[in-house]
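A.B. asks: Here it is: the structure, laid out below.
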Amino acid sequence: KQEVTQIPAALSVPEGENLVLNCSFTDSAIYNLQWFRQDPGKGLTSLLLIQSSQREQTSGRLNASLDKSSGRSTLYIAASQPGDSATYLCAVRPQAAGNKLTFGGGTRVLVKP
Amino acid sequence: DTGVSQDPRHKITKRGQNVTFRCDPISEHNRLYWYRQTLGQGPEFLTYFQNEAQLEKSRLLSDRFSAERPKGSFSTLEIQRTEQGDSAMYLCASSLQGHEQYFGPGTRLTVT
Numbered sequence: 001k002q003e004v005t006q007i008p009a010a011l012s013v014p015e016g017e018n019l020v021l022n023c024s025f026t027d028s029a030i031y032n033l034q035w036f037r038q039d040p041g042k043g044l045t046s047l048l049l050i051q052s053s054q055r056e057q058t059s060g061r062l063n064a065s066l067d068k069s070s071g072r073s074t075l076y077i078a079a080s081q082p083g084d085s086a087t088y089l090c091a092v093r094p095q096a097a098g099n100k101l102t103f104g105g106g107t108r109v110l111v112k113p
Numbered sequence: 001d002t003g004v005s006q007d008p009r010h011k012i013t014k015r016g017q018n019v020t021f022r023c024d025p026i027s028e029h030n031r032l033y034w035y036r037q038t039l040g041q042g043p044e045f046l047t048y049f050q051n052e053a054q055l056e057k058s059r060l061l062s063d064r065f066s067a068e069r070p071k072g073s074f075s076t077l078e079i080q081r082t083e084q085g086d087s088a089m090y091l092c093a094s095s096l097q098g099h100e101q102y103f104g105p106g107t108r109l110t111v112t
């Protein structure tokens, strides 16, 4: 059974510092991995999707890497801003048929001005 | 089309009552998913549909839960005889087969 873990559960940084968020998964047979952002009481916004054949994906200040063999992904957010404060979730999709995502517990980020 | 929509956004109900939630997916998406998220946790898969067929159900989906997607478009999730443990955010997502899932804003259920 796939298990996804995100450490730390919470993170507080001063504005301008780079953020590093970690995600690990137990079964390397994944189809892709996705990073989401969730604001309090809201739904999920997709940030980046990395296919299993890719090593990294970039969008603006966000960069996500994937090391499938070691079961790890890292989300980097450069030059953090107070607007980046949110919960960040990673989710993996299995190679097997079906499309369900298995999520980590999330990392709650606070960027202090 | 502006994305996945869910209705209602918030629902407060008394224990033992039945509730029904609706999800409208992105119009061309043939797959629709339901997830449940409790406070401080990541979402957990409940069930998914391909067109009108329900293809997988999680063990989390007890006999009190039922989901339908009658014409392969919108979906409903019904919870009968609600319990306090059902209090959660219920998230709907849709996708084209094999592609990225797009999530709706969720329905927050509070059972008193």
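Going down the list, the protein sequences come from chains B and H. My numbering puts the first residue of the first sequence at 1, with every later residue one more than the last. My numbering puts the first residue of the second sequence at 1, with every later residue one more than the last. All residues carry an ideal CB built from backbone N, CA and C; glycine is no exception.
#1: Between the segment 92-113 of chain B and chain H, which residues of the former have a C-beta closer than 8 Å to a C-beta of the latter?
#2: Please identify the residue among L89/B, Q2/B and N18/B whose C-alpha is closest to the C-alpha of A78/B.
#3: Any idea if K112/B is buried or exposed, counting beta-carbon neighbours within 10 angstroms, 16 or more meaning buried?
#4: With DSSP run on the structure shown, which of helix, strand or coil describes D27/B?
#5: Count the C-beta pairs between the segment 24-32 of chain H and the segment 59-69 of chain B that are closer than 8 Å, then say yes if the count reaches three, no if not.
#6: Where DSSP assigns a beta bridge to H10/H, which residues make up the other side?
#7: Which chain B residues are close to Q41/H, counting only those with a beta carbon under 7 Å from its beta carbon?
#8: Can you tell me whether R55/B is buried or exposed? The criterion is at least 16 other CB atoms within 10 Å of its CB, across all chains shown.
#9: Which residue's Cα is closest to the Cα of T76/H: S87/H, T47/H and Q101/H?
#10: Scan the segment 53-81 of chain B and note each continuous beta strand (DSSP E) run of 3 residues or more that stays entirely inside, going in chain order.
#11: Quick one: which residues of the segment 29-48 of chain B get their C-beta closer than 9 Å to a C-beta of chain H? List them in chain order.
#12: For chain B, is any of its Cβ atoms less than 7 Å away from the one on E68/H?
#13: Closest Cβ-Cβ distance between L89/B and chain H: below 7 Å?
#14: Could you list the residues in the segment 9-32 of chain H with a C-beta less than 7 Å from some C-beta on chain B, going in chain order?
#15: What in chain B is Cβ-close to R108/H, meaning under 9 Å?
#16: For L32/H versus F49/H, is the C-beta spacing smaller than 7 Å?
#17: In terms of residue numbering, what span does the beta strand (DSSP E) encompassing I79/H cover?
#18: Examine the ligand NAP and report whether any of its heavy atoms sits within less than 6 Å of the Cβ of V19/H.
#19: Count Cβ pairs between the segment 80-100 of chain H and the segment 36-44 of chain H that sit closer than 8 Å; are there 3 or more?
#20: How about F65/H: is its C-beta nearer than 7 Å to some C-beta of chain B?
#21: Hey, does F113/H have any beta-carbon neighbour from chain B nearer than 7 Å?
#22: Would you call the CB atoms of L96/H and K11/H closer than 7 Å?
C.D. replies: Quick answer:
#1: G98, N99, K100, L101, T102, F103, G104, G105 and G106
#2: N18/B
#3: exposed
#4: If DSSP states are grouped into helix, strand and coil, D27/B belongs with coil.
#5: no
#6: Answer is R108/H, bridged to H10/H.
#7: In chain order: G105.
#8: Residue burial is scored here from C-beta neighbours: R55/B has fewer than 16 other C-beta atoms within 10 angstroms and is therefore classed as exposed.
#9: T47/H
#10: You should have 56-59, 62-67 and 72-77.
#11: Y31, N32, Q34, F36, Q38, G41, K42, G43, L44, T45 and S46
#12: Interface criterion not met: the Cβ of E68/H is under 7 Å from no Cβ in chain B.
#13: yes
#14: R31
#15: G41
#16: Yes, the pair counts as a contact, with Cβ atoms nearer than the cut-off.
#17: S75 to I79
#18: This structure simply doesn't include the ligand NAP, nor any ligand for that matter.
#19: yes
#20: For F65/H, not one C-beta of chain B is nearer than 7 Å to its own C-beta.
#21: Coverage of chain H is limited to positions 1 through 112, which leaves residue 113/H absent and any answer about it impossible.
#22: With contacts defined as CB atoms closer than 7 Å, L96/H and K11/H fail to qualify as a contacting pair.
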